[in-house]
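Take a look at the structure below.
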Amino acid sequence: MDLLLQGLGNVFQPEVILLLIGGVIIGIIIGALPGLTATMGVALFLPVTFGMDAVTGVLLLIGVYFGSIYGGSIAAILLNTPGTPASAATALDGHAMTKQGKAGKALGYAAIASGVGGLISVLMLILIAPQLAGVALNFSAPEMFGLALFGLSIISSVSGGSVLKGLIAGVFGILISTIGMDPMTSYPRFTYDQLSLLNGFSFIPVMIGLFAVSEALVIMEGEIGGGDKIKKIIANYVLPKWNELKRLWFSMIRSGFIGTIIGIIPGAGADIAAFVSYNEGKRFLKKEEKETYGKGNPKGIVSAEAANNGVTGGAMIPLLTLGIPGDAVAAILLGALVVQGIQPGPQLFATSGELVYTLFAGMIIANILMVIFGISGIRLFVKILLVPKKMLAPLILILSTIGAYAISNNIFDVFTMLVAGIIGYFMKKYGFPASPIVLALILGPMAESEFRRSLVMSEGSYSIFLERPIALGFIIIAVLSLILPLVWGKLKKNKKVNAA
Amino acid sequence: MKKYKFSLILLTMFVVLTACGGNDSAKSGSSDTGKGSNFPSKPVELIVPYAAGGGTDTVARSFADMAKNDLGQSIAVVNMEGGGGAVGMQNGAKAKADGYKVSMVTVELLTLPHSGLAQFSHTDFKPIALLNEDSGAITVKADAPWNTLEEFIAATKEKKLKVGNSGTGAIWHLAAAAFEKETGAQFNHIPFEGAAPAVTALLGGHVDAVSVSPAEVVTQVQAGELKVLGVMAEERVESLPDVPTLKESGIDLSIGTWRGLAVPKDTPDDVVKILEESFGKTAQSDEFKEQIKKMNLGYRYDNGEGFTKLLEEQDQLFANLIPSLKLN
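Chains A and B supply the protein sequences, listed in that same order. Here the first sequence is numbered in the working numbering, starting from 251 and rising by one per residue. Here the second sequence is numbered in the working numbering, starting from 439 and rising by one per residue.
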């Protein structure tokens, strides 16, 4: 505790707190722009930290990291163009609320949920990091396969109206994800000698295309067709009221825990956490509430947002305690620490206790700053809805193009984005949801490579999935969540028949 | 009519974008040939074939940061990831040969072509400077029953051991495969997406050993979680002075990854000379050596000539090794 107070003192040094504030603000902006992800934001600022002292530099990166995970929700809620894959789930209920004229409230929920989720994960990091770190080590290929399979079973709950269309979109996503080098043998599949396809279609350009470009096309079509076809969205900034928030605490806290645990698991990040938690959010609802889930239910927003920010602290747990980075951002943070001569790992807490606790204190402050800027920025954010549609659509297209190109400076990605945008446009026209594609693109390759890696480990024996309790548990849940709704439906039907 | 207008917009978008794409090639044909004396007269681009934030990127960015003083021009790092390094190196090889586009090349420059995954070759580049080299190593859990390479090799002959690497055909897989060939050990190769997940799997006891570089396990070794049985380098590694090399154990193998700078092969000699002198100065500075050490990487500098020799030697090694693995 003393160490934490001392850490707080260190954070409140003028230059440290100013950089932290700057980091959070820049992060929010980066997150909000389509295509600029948390990973990219942190990577961009990495060289800047070389000249700083350890704490200041790492806290700047942490500010950018936390801010950008939250920032993605702003574009997702207002424009239905999630800036980062982590906020694709937020768009489902968030944008629905915007269409109902409750943009201010939706943004408020997102900011507060992000803060709560982030704080829960930092508290868990401070209190029980060493104990939780073991979780990371228990996860190997079979467990990851189980998790991926379970994640894929979520497709039905992010499908919106038609589960069948959702499944079609999901299968389409999985098919696309088979393009590129075979994860086990590195054999190029469906690449047609295109170097740019060796790693498959880049995920971010596909996502920007499906969400942002298609949205721009829909807006353009509306404008050409007379302008008034799309209902004017009221740009209000009515904030959430206290008693409205009261109903959401449980969802936020539960989602914060889900996010933290998924953050600890190496290889599973904020995107998976948001979708899993969104799905769990549905499970806990009353029947009448289930109807509104996906159509502007605040619980949908907070489930996704608290979980994706919950990942931030979770990802730091294996990084700081074991020295292993669980995801791309953690890998960059590891690099930043190592460059400063700090070696994360089991000895870190003993050798640089003060530094660790200063980082913890900085993370707490970063989360609080995020909520403050998130809420006070709402007035500003909603103004984007006042931008005339004929300017908004080109603006989205320009930002999307820059974002897609910036991923790896490859024009091929821009074409990928455009084609995905046109596909996304027709999907919107015919009522196919885009989220299942995103989910399939994240989880399909993971399921495939982990499944095959498991079999390589067991030298071909399928019993590896049955012998390991965590893996088996996930597989059972996945199978049940696919079968139960069908059985349930049958039973209900039978009952009705019997009653009649 | 409406539909027509709409497709017109789509069409316009494509045309504009195609024009943007064409711009690059159009520009590279125009003026501005970096002729010796006034080179460099504008900022130099450094192409990194991997994602921002990774090990290669960090080396490139810190080098670029230090080299701008010696070069007298700023150096912009451009990440072109994809194809396990193929996209960036391909672009670097095909870039205009005026010295303004320098590429960070890695051992994949040699391994990708032999795996049939890229069409370029190391002769498409003129090497400028070698910056770093990291060998492979055999690392096991600290409580594993084997304490020497001999014990480890003997154990693999009784029962295949699971050895984690950073991806099929990637350098640590090749290192493990070369080790098998050289010693008669029998491995069950488990590919992971990069070195970090492989090390995590070793910590969790899901694999028996990893073949990644000492830099990637040094933290856990210092913490007493893992132990290194041998390094695949010519000389002992600075961070692990007690660990023998394979050569000391009578195994004739040294294999690993390296990073260096290169320009397209047609770059004029006077430009190459300027770059070689300037980058050589930065690469041999104490500041850069210190930075490499801080990142737990192995420092090895060589000039263009020495770097070329390394490329030729290793190309031979991989030309023999990779086809014998029958990857595809």
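Glycine is no exception: its CB is placed at the ideal position from the N, C-alpha and C atoms. All of these numbers come straight from a predicted model, not from anything done at the bench.
Report task. Could you tell me the distance, in whole angstroms, from the CA atom of Ala757(B) to the CA atom of Gly694(B)? Result -> 15 angstroms
Query - Whole-angstrom distance between Pro702(B) and Ala533(B), CA atom to CA atom - result: 7 angstroms
Query raised in the report: So what does DSSP say about Asp704(B), is it helix, strand or coil?
Result: Correct three-state label for Asp704(B): coil.
Query raised in the report: Do you know whose CA, among Ile312(A), Lys352(A), Leu417(A) and Gly281(A), lies nearest Leu635(A)'s CA?
Result: Looking at the Cα atoms, Lys352(A) is the closest of the given residues.
Query raised in the report: In terms of alpha-carbon separation, which member of Gly602(B), Asp495(B) and Glu618(B) lies closest to Lys595(B)?
Result: Glu618(B)
Query raised in the report: In whole angstroms, what separates the C-alpha of Gly723(A) from that of Leu716(A)?
Result: 9 angstroms
Query raised in the report: Helix or strand or just coil, what does DSSP make of Asn547(A)?
Result: In this structure, Asn547(A) counts as coil in the three-state DSSP scheme.
Query raised in the report: Do you know whose CA, among Glu465(A), Gly273(A), Leu294(A) and Gly519(A), lies nearest Gly321(A)'s CA?
Result: Per the Cα distances, Gly273(A).
Query raised in the report: If you measure from the beta carbon of Leu293(A) to each beta carbon in chain B, is any gap under 9 angstroms?
Result: Sequence inspection shows Ala at residue 293(A); the Leu mentioned does not correspond to that position. Yes, Ala293(A) lies at the interface with chain B (some Cβ there is under 9 angstroms from its Cβ).
Query raised in the report: If we cut at 9 angstroms on Cβ distances, does Asn748(A) have a partner in chain B?
Result: no
Requested in this report: Determine contact between the segment 252 to 264 of chain A and the segment 533 to 553 of chain A, defined as no fewer than three beta-carbon pairs at a distance below 8 angstroms.
Outcome: no
Report task. Give me whichever residues DSSP pairs with Met542(B) in a beta bridge. Result -> Leu699(B)
Query raised in the report: Can the beta-carbon of Ala670(A) be found less than 9 angstroms from the beta-carbon of Ile458(A)?
Result: yes
Query raised in the report: If the cut is a Cβ gap below 9 angstroms, which residues of chain B does Phe715(A) touch?
Result: Per Cβ cutoff of 9 angstroms: no residues; Phe715(A) is ~14 angstroms from chain B at best.
Query raised in the report: Can you tell me the Cα-Cα spacing of Tyr543(A) and Thr340(A), whole angstroms?
Result: 12 angstroms
Requested in this report: With DSSP collapsed to three states, give me the class of Ser731(A).
Outcome: Ser731(A): helix per DSSP, three-state reduction.
Report task. Under 7 angstroms Cβ to Cβ from Gln729(B), same chain only, skipping five residues before and after it: list those, please. Result -> Answer for Gln729(B): Ser500, listed in chain order.
Query raised in the report: What are the start and end residues of each continuous beta strand (DSSP E) run of 3 or more residues lying completely inside the segment 485 to 572 of chain A, in chain order?
Result: Whole beta strand (DSSP E) segments, 3+ residues: zero.
Query - Inter-residue spacing [alpha-carbon to alpha-carbon] between Val305(A) and Val497(B) - result: Using only the alpha carbons, I get a separation of about 21 angstroms.
Query raised in the report: List, in order along the chain, the chain A residues whose C-beta lies closer than 8 angstroms to that of Leu786(B)?
Result: Since the first residue of chain B shown is 439 and the last is 766, residue 786(B) is not available in this structure.
Query - Close-in-space but distant-in-sequence residues of the same chain around Glu519(B) (CB under 6 angstroms, 5 per side omitted) - result: Tyr488 and Ala489
Report task. Return the CA-CA distance between Val645(B) and Leu599(B), expressed in angstroms with no decimal places. Result -> 8 angstroms
Query raised in the report: chain B partners of Met457(A), CB-CB under 7 angstroms?
Result: Under the 7 angstroms cutoff, chain B gives no residues; its nearest Cβ is about 17 angstroms from Met457(A).
Query raised in the report: How about Lys355(A) and Glu555(A): do their beta carbons lie closer than 9 angstroms?
Result: no
Query raised in the report: Who are the neighbours of Arg497(A) on chain B, taking C-beta pairs under 9 angstroms?
Result: Result: empty, since nearest Cβ-Cβ is about 40 angstroms, beyond 9 angstroms.
Query raised in the report: Taking C-alpha atoms, which residue in Glu393(A), Leu283(A) and Ile275(A) lies nearest to Gly313(A)?
Result: Ile275(A)
Query raised in the report: Among Val664(A), Tyr487(A), Val488(A) and Ala565(A), which residue has its Cα nearest to the Cα of Gly509(A)?
Result: Minimum Cα distance to Gly509(A) is reached at Ala565(A).
Query raised in the report: What do you reckon, are the CB atoms on Gly401(A) and Ile582(A) nearer than 9 angstroms?
Result: Against a cut-off of 9 angstroms, the Cβ pair of Ile582(A) and Gly401(A) comes out as no contact.
Query raised in the report: With a CB to CB cut of under 8 angstroms and the five nearest residues on each side skipped, what residues in its chain are close to Arg702(A)?
Result: Pro433 and Met434
Query raised in the report: Do we get a CB-CB distance below 9 angstroms when we pair Pro433(A) with the residues of chain B?
Result: yes
Query raised in the report: Which residue spans inside the segment 357 to 437 of chain A form an unbroken beta strand (DSSP E) run of at least 3?
Result: none
Query - Beta-carbon neighbours of Thr511(B), restricted to chain A and to distances below 8 angstroms - result: One point to set straight first is that residue 511(B) is Gln, not Thr, in the sequence displayed. Residues of chain A passing the Cβ test: none, with the nearest at roughly 17 angstroms.
Query raised in the report: Are the C-beta atoms of Met542(B) and some chain A residue less than 9 angstroms apart?
Result: no
Query - Residues bridged to Thr683(B) (per DSSP) - result: Val669(B)
Query raised in the report: Along the chain, which unbroken stretches of the alpha helix (DSSP H) at least 4 residues long are found entirely within the segment 647 to 690 of chain A?
Result: 661 to 679
Query raised in the report: Whose C-beta lies closer than 7 angstroms to the C-beta of Phe295(A) among residues of the same chain, with five residues either side of it excluded?
Result: Excluding residues within five positions, the ones whose Cβ falls inside 7 angstroms are Leu310, Leu311 and Val314.
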